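See below for the structure under consideration.
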Amino acid sequence: MTVRAIRGAIQIDRDDPVLMQEAVIELVSKVLEANQLTNTDLISLLFTCTPDLVSDFPAASARAMGLEKVPLICAVEMAVPASLPRTIRLMLHCHTELDQDQISHIYLRGAVILRKDIAQ
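Going by our numbering, 133 is the number at position 91 of the sequence shown; the sequence numbering is gapless.
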């Protein structure tokens, strides 16, 4: 098994804890599914949010979906002028048999513009 990092992002319509929870669950679930991962394959998850998202921690939503034994952390994304607002980003570290070029990085909703070359 190899250690890999998988990226993803999703945008929400407004700063709301329910919308954040739904988005985090959607993003993490799609990353796991697309890369054939289970919770036991996970090493850690790093979430960042743009500075306009303050209603909840994305890690709380990940814990609620059963990732309570996986190390999780949240941080604030840099406030770059004209950057995509209301965006939750993910860096997931895992054990996998997939080669680097087989990894599926997942960009959903408005976040597809961040990586049009690989967005789902």
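Don't be surprised by glycine CBs; every beta carbon is placed ideally from N, CA and C.
Just so it is clear, the structure is predicted and the values come from calculations on it, not from any experiment.
Item to check | Cβ separation of M133 and R49, assumed to be a contact under 8 angstroms, to the nearest whole Å | outcome: 6 angstroms
Item to check | Q144 at chain C interface by Cβ criterion, 8 angstroms | outcome: The structure shown contains no chain C; it holds only a single protein chain.
Checklist entry - With L156 and Y149 assumed to form a contact (beta carbons below 8 angstroms), what rounded beta-carbon distance in angstroms separates them? => result 6 angstroms
Next on the checklist: Nearer than 7 angstroms: is that true of the beta carbon of L61 relative to any heavy atom of the ligand MN?
Outcome noted: Judged by which ligands are present, the structure shown has none, so any question about the ligand MN falls away.
Item to check | Assigned secondary structure, A65 (DSSP; H/G/I helix, E/B strand, else coil) | outcome: helix
Item to check | Endpoints, the alpha helix (DSSP H) within which S146 is located | outcome: Neither: S146 is in no alpha helix (DSSP H) and is coded neither H nor E.
Next on the checklist: My output table needs one value for I54: the three-state DSSP class, helix, strand or coil.
Outcome noted: coil
Checklist entry - In terms of residues, what are the limits of the alpha helix (DSSP H) holding A106? => result 100-106
Item to check | Delimiting residues of the beta strand (DSSP E) encompassing T92 | outcome: Counting along the chain, T92 falls outside any beta strand (DSSP E), and DSSP gives it neither H nor E.
Checklist entry - Secondary structure at A117, three-state DSSP: helix, strand or coil? => result strand
Item to check | Proximal residues to P59 (C-beta, below 8 angstroms), its chain only, five neighbours per side dropped | outcome: S97, D98
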